[in-house]
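J.: Structure below; questions to follow.
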Amino acid sequence: HLKLDRLLAADLQVPLVQKAQRKTTYPEAARLVTEACRPLGTEYQKVLEKGLVHDRWVDRYENKGKRSGAFSSGSYQSPPYILMNYREDVLGDVYTLAHEAGHSMHTWLSHRRQRFQDAHYPIFLAEVASTLNEELLTHHFLEQVGKKDDSLRAYILDRQIDDIRGTLYRQVMFAEFEQRIHEAEEKGVALTLDFFRIAYRELLEAYLGEAMEIEAPLELECLRIPHFYSAFYVYKYAIGLSASLALSRKILGGSPGAVEKVHGFLSSGGSRPPLETLKMAGVDMESPAPVDAALELFDQRVAELEKILG
10 HLKLDRLLAA DLQVPLVQKA QRKTTYPEAA RLVTEACRPL GTEYQKVLEK
60 GLVHDRWVDR YENKGKRSGA FSSGSYQSPP YILMNYREDV LGDVYTLAHE
110 AGHSMHTWLS HRRQRFQDAH YPIFLAEVAS TLNEELLTHH FLEQVGKKDD
160 SLRAYILDRQ IDDIRGTLYR QVMFAEFEQR IHEAEEKGVA LTLDFFRIAY
210 RELLEAYLGE AMEIEAPLEL ECLRIPHFYS AFYVYKYAIG LSASLALSRK
260 ILGGSPGAVE KVHGFLSSGG SRPPLETLKM AGVDMESPAP VDAALELFDQ
310 RVAELEKILG
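Heads up, the sequence shown is in the numbering used here, so the first residue is 10 and it goes up one at a time.
Spelled out as structure tokens, the structure:
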């Protein structure tokens, strides 16, 4: 669709489809997110709807002096709160609401089932709950759209493809770069600018493939990744997405006990080691199976999008 003779890494940022032309008010967005979470049970839906609509969990709209972005936060036994800047003409903001609502419900359930010292869940688990809600919303949209609106279906597929690429490929590449740098430092290798350039280019070539042309300035991208200030943070995004996709498949596929296990996970806080918590939820992250399944879904979504776009 781009019809380019040279394909640069920056071209990956160009959307393959136009943004969905759909206006969604905040109350409609809250309803969509709540409906999408139906597979998690009526009690989950009741708490979520009450928080998003009636109990003022969400600072919804842009305002003078308000910071950009979105996040969820909460203190022990207090309601969780979400800051966001909701825009009715941006369908992606419905996903942002679903994502932050996943964090908030994780907080709400953990704080009510665990003692203070066990209530806080680690980052390793945090992105599982949030991206699970996003995946349920994607499923809900695709079920709603069916084959009726190819443009909207293409937008949703493209969005998920980009999420998986940006998480399972890009964040893992960042993590491998971190590992290389730490290993080099431990061996006494001088961490010069040239060393950074060469190490990062090798990874770009490995992860992006031969078809992608790597320009010299991109070698310095590694110097502007803020997450590197917190060592080995980024791989947890890949863990979270792989685990949440695996959980969503179990829930949507009607796997016996899947919903109960997910509720157990959402209520566990930091009471157990993260890998053990995920294993009890039904996902073994010490096995390659969840990542393999996520990459299979990626292939399926790409094939479907190619079919729509011709």
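Ideal Cβ placement from N, Cα and C applies to all residues, glycine included.
This structure is a prediction, so every number in the text was calculated from the model and none was measured.
Examine the Cβ distances between the segment 167-182 and the segment 107-126 and report whether three or more of them are shorter than 8 Å.
T.: Because the criterion of three Cβ pairs below 8 Å is not met, the segment 167-182 and the segment 107-126 do not touch.
J.: Counting beta carbon pairs with one atom in the segment 20-30 and one in the segment 158-171, are three or more of them shorter than 8 Å?
T.: Segments in contact, yes.
J.: Given this structure, state the Cα-to-Cα distance separating Arg-269 from Ala-215, to the nearest angstrom.
T.: Working through the sequence shown from its first residue, we reach residue 269 at position 260. Working through the sequence shown from its first residue, we reach residue 215 at position 206. Strictly speaking, residue 269 in this sequence is Glu, with Arg absent from that position. Taking the straight line from one Cα to the other gives about 41 Å.
J.: Suppose you measure from the CA of Thr-286 to the CA of Lys-12; what does that come to, to the nearest Å?
T.: Taking the sequence shown and counting its residues from 1, the one referred to as residue 286 is at position 277. Taking the sequence shown and counting its residues from 1, the one referred to as residue 12 is at position 3. About 47 Å.
J.: How would you label Ala-220, buried or exposed, when you count the other beta carbons within 10 angstroms and need 16 or more for buried?
T.: As a first step, residue 220 must be located in the sequence shown, where it is residue number 211. When all chains shown are included, Ala-220 counts as exposed.
J.: Which value, in whole angstroms, describes the spacing of the CA atoms of Pro-48 and Leu-213?
T.: Residue 48 sits at position 39 when you count from the first residue of the sequence shown. Residue 213 sits at position 204 when you count from the first residue of the sequence shown. Each residue's Cα considered, the two are about 39 Å apart.
J.: Could you tell me which residues DSSP puts in a beta bridge with Phe-80?
T.: Along the sequence shown, read from residue 1 onward, the residue named residue 80 stands at position 71. In DSSP, Phe-80 forms a bridge with Leu-92.
J.: Can you give me the C-alpha to C-alpha distance between Leu-261 and Leu-200, rounded to a whole angstrom?
T.: By 1-based counting over the sequence shown, the position of residue 261 is 252. By 1-based counting over the sequence shown, the position of residue 200 is 191. Each residue's alpha carbon lies about 48 Å from the other.
J.: Along the chain, which unbroken stretches of the alpha helix (DSSP H) at least 4 residues long are found entirely within the segment 236-310?
T.: 244-261, 267-275, 283-290, all fully within the segment 236-310.
J.: By DSSP's criteria, Leu-17 is part of a beta bridge. Which residues make up the other side?
T.: Here residue 17 refers to the residue found at position 8 when the sequence shown is read from its first residue. The partner list for Leu-17 (beta bridge, DSSP) reads Glu-222.
J.: Taking the straight line between their C-alpha atoms, what separation do you get for Lys-73 and Leu-161?
T.: Numbered from its first residue, the sequence shown carries residue 73 at position 64. Numbered from its first residue, the sequence shown carries residue 161 at position 152. Cα to Cα, Lys-73 sits roughly 33 Å from Leu-161.
J.: For a quick check, are the C-beta atoms of Thr-320 and Glu-58 less than 7 Å apart?
T.: It is not possible to answer for residue 320, since the shown part of the chain is limited to 10 through 319.
J.: Should Ile-132 be labelled buried (16 or more other beta-carbon atoms within 10 Å of its own) or exposed?
T.: If you number the sequence shown from 1, residue 132 lands on position 123. Result: exposed.
J.: Less than 7 Å separating the beta-carbons of Leu-141 and Cys-46?
T.: Residue mapping note: residue 141 aligns to position 132 of the sequence shown, counting from 1. Residue mapping note: residue 46 aligns to position 37 of the sequence shown, counting from 1. Taking 7 Å as the Cβ cut-off, Leu-141 and Cys-46 do not qualify as a contacting pair.
J.: If Ala-128 and Gly-278 are in contact, beta carbons under 8 Å, what's the gap, nearest whole angstrom?
T.: Translated into the one-based positions of the sequence shown, residue 128 becomes position 119. Translated into the one-based positions of the sequence shown, residue 278 becomes position 269. Confirmed, about 5 Å.
J.: Quick check: Leu-92 and Arg-31, are their CB atoms within less than 7 Å of each other?
T.: Residue mapping note: residue 92 aligns to position 83 of the sequence shown, counting from 1. Residue mapping note: residue 31 aligns to position 22 of the sequence shown, counting from 1. Result no, Cβ atoms of Leu-92 and Arg-31 do not sit closer than 7 Å.
J.: On the CB-based measure, 16 or more other CB atoms within 10 Å of its CB, does Ile-190 come out buried or exposed?
T.: The residue you call residue 190 lines up with position 181 of the sequence shown. That one is buried.
J.: Expressed to the nearest angstrom, what Euclidean distance is found between the alpha-carbon atoms of Phe-205 and Gln-126?
T.: Within the sequence shown, numbered from 1, the residue matching residue 205 stands at position 196. Within the sequence shown, numbered from 1, the residue matching residue 126 stands at position 117. Using only the alpha carbons, I get a separation of about 41 Å.
J.: What does the Cβ neighbour count give for Leu-292, buried or exposed, with the cut at 16 atoms within 10 Å?
T.: Start at 1 with the first residue of the sequence shown, and residue 292 comes out as number 283. Reading the sequence as shown, one finds Val at residue 292 and not Leu. Looking at its Cβ environment, which holds 16 or more other Cβ atoms inside 10 Å, Val-292 is buried.
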